[in-house]
Structures are given as C-alpha cells and as structure tokens.
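Okay, so here's the structure we're looking at.
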Amino acid sequence: MQSIPHLLAGFGVDMTTYQGQDLPCRTPVTGAVHATLRMDTPQQVTQKITDARSAFERWRTVPAPRRGELIRLFGDELRTHKQALGQVVTHEAGKILQEGLGEVQEMIDICDFAVGLSRQLYGLTIASERPGHRMMETWHPVGVVGVISAFNFPVAVWAWNAALALVCGNSVVWKPSEKTPLTAIATHALFMNAVARFGSDAPPGLAQLVIGDARCGAALVADKRVPLISATGSTRMGRAVAAACAQRLARTILELGGNNAMIVAPSADLDMALRGIVFSAVGTAGQRCTTLRRLFVHDSIYDALLPRLKASYGTLPIGDPSDPATLVGPLIDAQAFEAMQAALQQARDEGGAVFGGTRAEVAGGEGGHYVHPALVELPAQSAIMHHETFAPILYVVRYQSLEQAIALNNAVPQGLSSSIFTTDLREAETFLSVVGSDCGIANVNIGPSGAEIGGAFGGEKETGGGRESGSDAWKGYMRRATNTINYSHSLPLAQGISFDL
Ligand code: NAD
C-alpha cells in the first residue's frame with residue numbers, strides 16, 4: 001500500500017494548507033504519527049459558516065437537476081480514486097482494505113441515488129375543502145447543514161449527508177472526527193475537483209471542511225446560522241448536541257450508539273447464521289454502530305452453534321488491515337483497548353465466561369492495539385449488555401421462547417439494528433411486526449450490520465431517532481411549505497367560518 005503523504009498528493013491535496021502543531025494524526029495500524037495538523041479556531045469556524053451561508057444563497061437558485069450534475073461528477077471522482085481513498089481509510093481508521101473500499105462504494109452509491117433524487121424532489125397536491133382552491137406542498141432547502149462525523153465511517157457518513165443536502169439545495173459544513181481528518185481532507189479535495197469540472201454554477205464555499213476536535217463541533221452546533229445539525233457519534237456526544245440545538249430550536253439528525261442483537265431460532269439455517277454472526281460481530285473489529293453485540297440463541301440449538309462459533313473465533317486472521325488475508329484489523333486507539341478490557345472484567349464479575357478478548361501480537365503492529373475478538377457466555381442479559389462497548393465483544397445468552405427473545409432484544413436503551421435467523425414465517429413476521437423488534441433496522445436471515453444506501457438508516461431511543469441515506473430521508477434536509485391557492489372570485493374561510501364585514 002502507498003504511504004499517506006503519497007496518497008494525499010495523488011488527490012491533489014496541498015498539505016501545507018493543513019499542517020500545524022495541534023493535531024497529531026496517528027495510524028492505528030502501527031501507532032505511528034503520519035501528519036500533524038492545525039485545528040481551526042472558533043473564528044475560522046465562524047468564517048466558514050459565513051462563506052457557506054453566502055454559497056447557499058446562490059446554490060438554492062440553481063435548478064435541482066443541475067445540482068444533481070455536481071453530485072454525478074463527484075461520484076465519477078470517487079470511482080476514479082476508489083482504490084486510493086479506500087487505502088486512506090485503511091491507514092487512518094484501521095479498517096481492512098475490503099471494508100475501506102466498501103465504504104467508498106457506499107459513497108458512490110449514495111451519489112447515484114442523489115442524482116436520481118435531484119429530479120424527484122416531489123411535493124403533494126392536496127384536495128382543498130374550499131371551492132376554487134388548490135393545496136400543495138413545496139420543498140425548499142433549509143440552508144447551511146452542519147455535519148459532524150465519527151471515526152469509524154470517516155467518509156461514508158459525510159457522503160450520505162452531503163449528497164442529499166447538496167441536491168436539495170443546501171450548503172454543507174463538515175466537522176469530521178479528530179481521529180480521521182486525513183480521509184476528510186482527501187474527500188474534500190475530490191469534491192473540489194468535481195466543483196472545478198462543474199463550473200461557475202457552484203458558488204465558492206459550498207462545501208466547507210473544519211479540522212478540529214469537539215470544540216470545533218460545539219462551535220458549529222452553537223451557530224444560529226446553521227438550521228440543521230446532522231451528528232453521528234456516541235450517545236454522550238448526541239446528548240450534548242441535542243441540548244445545544246434545543247436551546248436555539250435548531251433541527252437535528254442524530255445517529256448515535258447502537259447495541260445490536262441477533263436471535264437465532266430453532267429453525268435457523270445454522271451455516272448462514274454462523275457467517276452472519278461472525279461478519280456482524282468482528283467486522284471492522286467490532287467498531288461499527290451496527291456491530292452485533294448481543295446474541296440470543298434458542299436453548300435447543302445452543303450446544304450445536306456455540307462450538308462452531310468458538311472454532312471460527314479461534315481461527316480469525318488478525319493483523320495488518322492492508323493484508324488481503326486479514327479479517328480483523330486494529331482497534332482505533334489505546335482508549336478503545338482499555339474500554340474493551342474493562343467491559344470484559346465487568347462481564348466476568350457478572351458471571352460471564354470469556355473466550356478470547358486478549359491482545360493479539362501482530363508483527364510490525366506493536367504500537368497498535370490488536371485484539372482477539374471476544375465471545376462472552378452469560379446466564380442472563382446482565383448490566384454490561386446494556387452498554388455499547390466499541391470493540392469486538394459478543395455476549396451470548398440462551399433463550400426459551402420468541403417472546404422472551406424479543407423482550408431481550410428490546411430491553412436495552414439503544415435501538416439501532418436487529419435481526420433474526422429463522423425459516424419459520426410466523427417467527428419472522430412476528431419479529432418485524434408491531435410487537436417485534438423496536439429498532440430502526442430489523443432484518444431476517446442477514447446480520448444487523450452492512451446496510452444498503454437505498455433504505456433509510458437510523459435508530460430509535462438513545463440511538464437518536466435520525467434517518468439518513470435512502471427512502472425519503474431527503475425530507476430531513478428540506479423545509480416543507482404548505483401552499484393554498486385561491487383561483488376563485490370569492491374568499492370562503494376554512495371550516496365554514498362566517499366572518500362577514
Ligand atoms: P464521538 O462521539 O467520540 O465523536 C463523534 C464526533 O462528535 C467527532 O467528530 C467529535 O469531535 C464530535 N463531538 C464530540 N463531542 C462533541 C460535542 N459536545 N459537540 C459537538 N461535536 C462533538 O464518537 P466516535 O468515537 O468517533 O464514534 C463511535 C461512536 O459513533 C459509537 O458510539 C458508534 O455507535 C457511533 N456511530 C453511530 C452511527 C450511526 O449511524 N448510528 C454511525 C457511526 C458511528
């Protein structure tokens with residue numbers, strides 16, 4: 001794989017614009033610092049919002065299908081640079097290259113979706129109760145959209161938001177994770193290439209990049225000129241952002257922590273279930289919001305499934321994420337490793353039997369934090385299982401009835417993703433029904449992770465309630481105006497009210 005400076009140069013990035021003393025960028029692959037950046041000051045954040053606001057005032061008047069053309073060009077840039085951007089993701093977030101490339105593919109997919117959407121920003125026409133009247137809905141952009149993103153999807157989350165926000169006519173200010181600013185710099189450079197090819201219809205300042213930590217995020221959230229904040233990250237961050245936005249009655253799209261479960265029912269295809277469990281639980285080294293963290297296995301098949309699961313866990317290739325043979329890369333940092341060890345200790349204290357979970361020795365990766373993914377068998381859903389620990393820990397509990405399993409699925413504060421493996425139609429439909437899973441995502445015969453962009457993505461309860469990506473999530477980036485048009489010669493009032501002068 002090419003080095004980070006070499007890759008960034010390939011995107012046309014001028015690193016002198018970003019270099020400084022404030023923010024060391026460490027690769028989780030080896031622990032080495034490969035760049036040190038300067039962070040934006042609050043004044044610089046304010047200026048970027050000012051520029052984005054000016055850009056919005058012009059961009060909103062560009063016809064939506066023409067706005068879609070910019071996103072089409074951006075999608076082309078991503079196609080051309082997919083391999084290189086995927087490598088930057090691998091360097092900076094530690095994802096295996098297949099997942100780094102998958103993340104870029106997700107960006108391409110949302111661009112395609114947004115291009116089509118740019119010709120489909122439909123409003124309804126509504127029957128009026130008054131003669132000679134017509135009602136309709138018109139959708140308008142909201143203004144400057146603030147996007148705050150997490151380290152584990154360092155570029156796809158921005159693309160989910162930005163592609164939709166931009167075709168809807170908004171401008172975008174992006175504050176990426178301070179753990180993954182280089183992927184953001186690379187992505188911003190590709191977007192600016194698309195802008196240059198698009199021409200003067202794209203006003204300067206349309207897409208802004210803020211480099212910095214939570215203080216920069218807070219400055220973005222506090223600014224009254226940003227009517228919508230889309231924030232992805234921990235529930236702790238979401239509470240702070242929600243409170244600040246509530247103070248000024250700004251809108252939010254919150255995509256926060258998950259604590260996702262799978263039910264393996266007696267009729268399940270165990271071969272498929274096994275693949276689904278392992279990919280969902282150890283993919284991205286357990287650092288996906290949709291990672292499988294809780295597994296409920298029916299008593300009657302528990303003893304058939306668990307030995308096979310342990311055998312798979314015992315042979316997982318752990319190591320350098322750029323090696324094509326690796327399936328489990330590093331944790332993001334030392335803090336993640338310590339949080340994992342603390343959770344495993346608590347699980348032991350709560351009666352759990354832990355398999356794996358120890359540090360994995362990786363040649364050349366001594367400065368990184370590699371672990372053997374952990375399986376923890378527990379007699380019941382204990383306190384630790386109510387928390388999201390952002391690491392590959394899979395808690396396993398037996399269940400006796402579907403009602404009990406659904407109750408366990410729903411018993412945690414988070415509500416992002418869930419799944420059931422069953423070939424029993426009644427069980428599958430019950431899981432998807434109103435008395436089934438309470439999550440934003442409920443799947444049958446696939447794991448909880450690995451969403452496609454066509455569906456609306458997001459979760460309930462402490463996951464924040466936001467929806468991004470496909471379906472009608474675009475409406476979250478627009479304001480709806482209800483219009484009543486009177487083409488008659490009289491002025492009848494609604495509800496038959498008489499008001500004669
Ligand atoms: P984090 O909460 O530490 O940071 C996320 C972002 O929020 C960063 O850019 C950070 O600088 C910013 N931030 C933190 N505090 C802030 C504040 N008070 N005001 C404004 N900005 C603030 O999260 P992380 O460790 O980068 O990511 C892991 C978490 O993200 C996990 O909980 C995971 O489940 C969640 N996540 C959720 C989704 C989803 O779609 N639901 C997707 C990816 C990650």
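Here the sequence shown stands for residues 1 to 501, where the numbers follow UniProt numbering.
Backbone N, C-alpha and C fix where the C-beta goes; we use that ideal spot for every residue, glycine too.
Note that the structure is a prediction, hence the values are computed from the model and not measured.
Q | Whether G319 touches G365 by CB criterion (8 Å) | A | Start at 1 with the first residue of the sequence shown, and residue 319 comes out as number 319. Start at 1 with the first residue of the sequence shown, and residue 365 comes out as number 365. Contact: yes.
Q: Over the uninterrupted alpha helix (DSSP H) stretch that includes W158, give me the two end residues.
A: Position 158 of the sequence shown, counted from the first residue, corresponds to residue 158. Taken as a continuous stretch (DSSP letters only), the alpha helix (DSSP H) holding W158 covers 156 to 167.
Q.
Going by DSSP in three states, L101 sits in which element: helix, strand or coil?
A. To locate residue 101, count along the sequence shown from 1; it is residue 101. Three-state DSSP puts L101 in a helix.
Q) beta strand (DSSP E) containing D22: first to last residue? A) The residue given as residue 22 occupies position 22 in the sequence shown. Element bounds for D22: 19 to 26.
Q: Would you list the residues sitting across from P141 in a DSSP beta bridge?
A: The sequence position of residue 141 within the sequence shown is 141, counting from 1. DSSP lists M478 as partners of P141.
**Q.** Beta-ladder partner(s) of H369, from DSSP
**A.** Position 369 of the sequence shown, counting from 1, holds the residue named residue 369. In the DSSP output, where bridge partners are listed per residue, H369 has L331.
Q) Considering M237, what are the terminal residues of the alpha helix (DSSP H) in which it resides? A) Looking up residue 237 in the sequence shown gives position 237. Taken as a continuous stretch (DSSP letters only), the alpha helix (DSSP H) holding M237 covers 235 to 247.
Q. Excluding sequence positions up to five away, which residues of its chain have a Cβ less than 8 Å from the Cβ of M272?
A. Working through the sequence shown from its first residue, we reach residue 272 at position 272. Here the set comprises F421, N445.
Q) Quick one: Cα of L292 to Cα of P181, how far? A) Start at 1 with the first residue of the sequence shown, and residue 292 comes out as number 292. Start at 1 with the first residue of the sequence shown, and residue 181 comes out as number 181. Straight-line Cα distance between these residues: approximately 27 Å.
Q) Is E178 helix, strand or coil when you go by DSSP? A) As a working mapping, residue 178 is identified with position 178 in the sequence shown. Here E178 sits in coil by DSSP.
Q: Quick one: measure Cβ to Cβ for V13 and A243, integer angstroms, because I've assumed they're closer than 8 Å.
A: One-based indexing of the sequence shown puts residue 13 at position 13. One-based indexing of the sequence shown puts residue 243 at position 243. Rounded, the Cβ-Cβ distance is 36 Å, inconsistent with contact.
Q: Return the chain-ordered list of same chain residues with a C-beta closer than 8 Å to the C-beta of A196, the five sequence neighbours on each side being excluded.
A: Residue mapping note: residue 196 aligns to position 196 of the sequence shown, counting from 1. Contacts found: none.
Q: Indicate the three-state DSSP secondary structure (helix, strand or coil) for Q414 in the structure shown.
A: Taking the sequence shown and counting its residues from 1, one reaches residue 414 at position 414. In the structure shown, Q414 sits in a strand (DSSP, three-state: E or B).
(Q) Let me check you understand the geometry: is the CB of residue 514 closer than 7 Å to at least one non-hydrogen atom of ligand 1? (A) Past the edges of the chain, shown from 1 to 501, lies residue 514, and the structure says nothing about it.
Q: For my contact list, A35 and M15 are in at a C-beta cut-off of 8 Å; report their separation, rounded to the angstrom.
A: Residue 35 sits at position 35 when you count from the first residue of the sequence shown. Residue 15 sits at position 15 when you count from the first residue of the sequence shown. About 7 Å; that satisfies the 8 Å criterion.
Q | Range of the contiguous beta strand (DSSP E) that encloses A442 | A | Along the sequence shown, one-based indexing puts residue 442 at 442. Segment 441 to 444, the beta strand (DSSP E) holding A442.
Q | CB-CB length for M478 against C168, believed under 8 Å | A | Looking up residue 478 in the sequence shown gives position 478. Looking up residue 168 in the sequence shown gives position 168. With a Cβ gap of about 5 Å, M478 and C168 count as contacting.
Q. Any chance the CB of D333 is under 7 Å from a heavy atom of ligand 1?
A. Locating residue 333 in the sequence shown gives position 333, counting from the first residue. Incorrect: D333 has no Cβ contact closer than 7 Å to ligand 1.
(Q) Can you tell me whether H369 is buried or exposed? The criterion is at least 16 other CB atoms within 10 Å of its CB, across all chains shown. (A) Within the sequence shown, residue 369 is the residue found at index 369, counting from 1. Buried, because 16 or more other Cβ atoms sit within 10 Å of the Cβ of H369.
Q: With DSSP as the reference, label H489 as helix, strand or coil.
A: In the sequence shown, the residue the question calls residue 489 occupies position 489. Three-state result, H489: coil.
Q.
Tell me the rounded alpha-carbon separation between S490 and R130.
A. Numbered from its first residue, the sequence shown carries residue 490 at position 490. Numbered from its first residue, the sequence shown carries residue 130 at position 130. The alpha-carbon atoms of S490 and R130 are separated by roughly 10 Å.
Q | Nearest candidate by alpha-carbon position, reference R251, set G465, G199, L344 | A | The residue given as residue 251 occupies position 251 in the sequence shown. If we check each option's Cα against that of R251, G465 comes out closest.
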